[in-house]
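Okay, structure first, notes after.
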Amino acid sequence: MIFNAPKKYHMNKVLLLIAFIFICGTLKAQNDEQSLNLGFNAGGVNTYFTNSKASFGYSVKVNYYPSDFFDVSLETQFGTLSAGTPNGFPFSLNNVNFINKYQAVIVKANLHFGTLIDEDAFLDPMRHFYAATGIGYLHNRINDIYPDASTYIRYKTPVIPVEFGYNINIKSYYNDPLLKINLSYSLNYVTGLGLDGFNNVQVPASVHFYSFYSIGIEYTMAVFGRHSVPLLRF
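Residue numbering for the sequence shown is 8 to 241, as defined by the working numbering.
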């Protein structure tokens, strides 16, 4: 089972996958144009506990595109994960009351389908879908708990995202990349004791996962390569 495998084993697999995606993206580069983007996403975050409650989440990120259809992103994510019943009963490992105002920093490799699909009028919309994975750290910040605060802990733990999304590209008058409208969904696996902060050796599978679905915008701050567009252009 994945939940019983050593942490180092999972980390090595993720790092190998990121390296493979990076090689695919750079080898398939369609031109020497590169860009640096600043993005903001907002939407909902949700856990997979009994009586889970969807809450607001958002992220700020920087994306580096060595080619049109591959990028590496550094993302800082904030959100509120919560679950439970109003009075905390019935209490069980799958039905705990908690509010986790988490923070996460994640590095991701994003492989766009345009890397794999050649330019074609019919298939062009498909080229803007992408898949991503990466690795980061999540800081659990449990602010409201039941039944007993002494039973809960705050801690930092590795997080592994698997993301799928779609970009709508908006170009400038000179056909340079300008804006991207981003739609995305990510399933995030958290190692260790999970997301509820409950310090117990019997950890149910539900505590390891949360989802983040969002809409966002990326602004191209700079373009490098065949010609340059200044940083922070307006």
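Just so you know, even glycine gets a beta-carbon here, dropped at the ideal spot from N, CA and C. Only a predicted model underlies this, so the values are computations on that prediction, with no experimental measurement involved.
Residue i - DSSP class collapsed to helix/strand/coil
i           : result
residue 131 : helix
residue 76  : coil
residue 229 : strand
residue 198 : coil
residue 122 : helix
residue 61  : coil
residue 66  : strand
residue 136 : strand
residue 56  : coil
C-beta contact flag for residue i and residue j at 8 Å
i           : j           : result
residue 88  : residue 69  : no
residue 195 : residue 187 : no
residue 197 : residue 227 : no
residue 86  : residue 104 : no
residue 213 : residue 63  : no
residue 77  : residue 140 : no
residue 174 : residue 215 : no
residue 84  : residue 59  : no
residue 193 : residue 170 : yes
residue 53  : residue 218 : yes
residue 42  : residue 168 : no
residue 61  : residue 223 : no
Residue closest to residue i, alpha-carbon to alpha-carbon, out of the options
i           : options               : result
residue 46  : 170, 189 and 58       : 189
residue 166 : 184, 147, 182 and 178 : 147
residue 221 : 199, 215, 201 and 191 : 191
residue 117 : 108, 73 and 150       : 73
residue 203 : 223, 218 and 109      : 109
residue 111 : 137, 143 and 125      : 143
residue 181 : 150, 230 and 218      : 230
residue 161 : 149, 128, 71 and 201  : 149
residue 107 : 172, 133, 171 and 201 : 201
residue 119 : 50, 49 and 133        : 133
residue 126 : 79, 199 and 75        : 75
Residue(s) in a DSSP beta bridge with residue i
i           : result
residue 204 : None, per the DSSP bridge assignment.
residue 49  : 65 and 222
residue 112 : 83 and 144
residue 213 : Residue 213 pairs with nothing; no bridge assigned.
Taking the runs of the beta strand (DSSP E) that are 3 residues or longer, which of them lie wholly in the segment 160-190? For the beta strand (DSSP E) assignment, the uninterrupted runs of no fewer than 3 residues enclosed by the segment 160-190 are, from N- to C-terminal side, 162-178.
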